[in-house]
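A quick write-up on the structure given underneath.
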Amino acid sequence: MNITKTKQDLWEYLAKERRPIALYGTGDGADKIIAVLERLHLNELIAAVFASDGFVRDRMFHDYKVISYSDCCKLLADQDFIVLVCFGSSRPEVLEKIAEISSERELYVPDVPVYGTNLFDRSFYEENKERIDKLSAVFEDDASRNCYADYINYKLSGDISFLAKCESDPDDEFELLKDLSQGCYIDLGAYYGDTLLRYMNRFPCLVSGIAIEPERHSFAKLQNCASELSGKGFDVKCINALVGSKVGIELVSASRGRGTRAVSNSNVTLTNTREAEVVTVDSLQADNVSFIKFDVEGSELEALEGAKETILKFRPAMKIACYHRSEDVFAILEKVMSIRSDYRIYMRHTRCIPGWDTDFYFI
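The opening residue of the sequence shown carries number 4 in our numbering; numbering runs sequentially from there.
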């Protein structure tokens, strides 16, 4: 596998260059990137923090006055600074702005885990190199093999040209899923119901659906989508719960989006929590399961553990997000293959920075 960025990761490059750093963004991503820079004693390189014009306002972030990009260029006019993008987006206008800045400055989008504490740096890669190399051979087509290599190169380097190389059209997945059998669709992390509508409208063979979403406001909108589908003759059930490896009760954030788990996500500190039901796929006792989508905010491995009986019995097609935790790029493949070894496996990334919207497909 052609992994080119193994001799030096982004953080080692920044330490060697010692050039000023301007952070673009002021949210959770910026908090995480600053924490990494502090741990590596590189935080003294931070020279400025800037935001998109509509988000500048008169405010501070980590003791830095938030300024615009143009003011950042004026402030550091006599310095060759590096830009680190600290947020995620798939919006075309945002990606165009990032492309514009990258044409003027050296720009990186650091890969920091959405959940968990493992940073995908060179030492992490070397520790898991044998597993990654072995798994690069399991994919069914060249597009998947190239995506796997480009995605790992991106994670090591923060260089978004690797993401651009492996982008695919969102509708490409329809070709992968074209042979779905008639049966039930289970949507784990159904959000507002966008994927529920996408797949059930596209594949009439999905005659029934179970949609699970833990966040209460999203769940209310999900129920509206389910009602729309029910009006078209589909049998859809919505469940306001987390998905895990066993049935129970767990604490989640009462204010952070998508029902962030309090226990399993050790890099997230929660002060305002509520209890939430936890279900497993197997506990749903669904019949004739045809397709399962897993996008459960870093709990994919637990959700797979709780779906073993269903996977063994029905061998459903599966789409599994593999970008929430650093270990997902190999651990999810290993987990599914330990349950069943007779899947055809694919990988696709659709346009987004950082490397979100990246999924494994088990057909």
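All C-beta atoms, glycine included, are put in the ideal place defined by N, C-alpha and C.
Predicted model, so just to flag it, every value in this text is computed and none were measured.
Cβ separation of residue i and residue j, assumed to be a contact under 8 Å, to the nearest whole Å
{"i": "Ile-70", "j": "Ile-49", "result": "Incorrect: roughly 13 Å between the Cβ atoms, too far for contact."}
{"i": "Phe-142", "j": "Tyr-326", "result": "About 17 Å; that fails the 8 Å criterion."}
Straight-line gap, residue i to residue j (C-alpha atoms, nearest Å)
{"i": "Ile-366", "j": "Asp-61", "result": "51 Å"}
{"i": "Gln-288", "j": "Asp-182", "result": "23 Å"}
{"i": "Ser-344", "j": "Asn-275", "result": "42 Å"}
{"i": "Arg-261", "j": "Leu-245", "result": "With a pLDDT of 47 at Arg-261, under the threshold of 50, the predicted position of this residue should be treated as unreliable, though the coordinate-derived value follows. Rounded to whole angstroms, Arg-261 to Leu-245 spans 10 Å at the Cα level."}
{"i": "Cys-187", "j": "Arg-21", "result": "55 Å"}
{"i": "Ala-324", "j": "Val-59", "result": "32 Å"}
{"i": "Ser-269", "j": "Gly-236", "result": "Residue placement at Ser-269 is flagged as unreliable, the pLDDT there being 47, under the threshold of 50; a coordinate-derived value is accordingly withheld."}
{"i": "Gly-234", "j": "Ser-164", "result": "44 Å"}
{"i": "Phe-333", "j": "Glu-305", "result": "15 Å"}
{"i": "Glu-47", "j": "Ala-54", "result": "20 Å"}
{"i": "Asp-81", "j": "Lys-19", "result": "20 Å"}
Burial state of residue i, where buried means 16 or more other Cβ atoms lie within 10 Å
{"i": "Asn-291", "result": "exposed"}
{"i": "Val-88", "result": "buried"}
{"i": "Arg-328", "result": "buried"}
{"i": "Met-63", "result": "exposed"}
{"i": "Leu-315", "result": "exposed"}
{"i": "Lys-322", "result": "buried"}
{"i": "Arg-277", "result": "exposed"}
{"i": "Pro-95", "result": "exposed"}
{"i": "Thr-120", "result": "exposed"}
{"i": "Val-117", "result": "buried"}
Cut-off 6 Å between Cβ atoms - residues of its own chain near residue i, not counting five sequence neighbours on either side
{"i": "Glu-280", "result": "Ala-244"}
{"i": "Ser-267", "result": "Low per-residue confidence applies at Ser-267: pLDDT is 48, beneath 50, and the placement is therefore not dependable, though the value from the model is reported in the following sentence. Closer than 6 Å at Cβ, skipping near neighbours: no residue."}
{"i": "Asp-319", "result": "With the sequence shown as reference, residue 319 is identified as Pro, and Asp is not the correct amino acid for it. Closer than 6 Å at Cβ, skipping near neighbours: Val-292, Ser-293, Phe-294 and Ile-295."}
{"i": "Ile-242", "result": "Ile-215"}
{"i": "Tyr-157", "result": "Phe-165, Leu-166 and Gly-358"}
{"i": "Phe-123", "result": "Asp-114, Lys-158 and Ser-329"}
Cutoff 7 Å; reference residue i; Cβ partners in own chain excluding five residues on either side
{"i": "Thr-353", "result": "Glu-170, Ser-171, Pro-173 and Asp-360"}
{"i": "Gly-161", "result": "Leu-13, Tyr-111, Val-112, Pro-113 and Asp-114"}
Contacts around residue i, its chain only, beta-carbon distance under 8 Å, and the 5 residues preceding and following it disregarded
{"i": "Ser-79", "result": "Per the sequence shown, the amino acid found at residue 79 is Leu instead of Ser. Here the set comprises Pro-23, Ala-25, Ala-50 and Ala-51."}
Residue i at chain D interface by Cβ criterion, 8 Å
{"i": "Val-299", "result": "As a matter of chain content, chain D is missing from the structure shown, which is built from one protein chain."}
- Curious, which full-length alpha helix (DSSP H) runs of at least 4 residues does the region 22-67 contain? The qualifying runs are 31-42.
- Can you check the region 161-225 for any beta strand (DSSP E) of at least 3 residues that lies completely inside it and give the ranges in chain order? The qualifying runs are 186-191 and 209-215.
- List in chain order: all unbroken alpha helix (DSSP H) runs of 4+ residues lying wholly within the region 325-351. As far as the region 325-351 is concerned, its whole alpha helix (DSSP H) runs of at least 4 residues are 331-342.
- Task: Pick out the complete beta strand (DSSP E) segments inside the region 270-296, 3 residues or longer, and give them in chain order.
- Result: You should have 276-282.
- Message: To test your reading of the DSSP string, which unbroken beta strand (DSSP E) runs of 3 or more residues are found completely within the region 232-262?
- Response: List check, beta strand (DSSP E) in window: 238-242 and 251-256.
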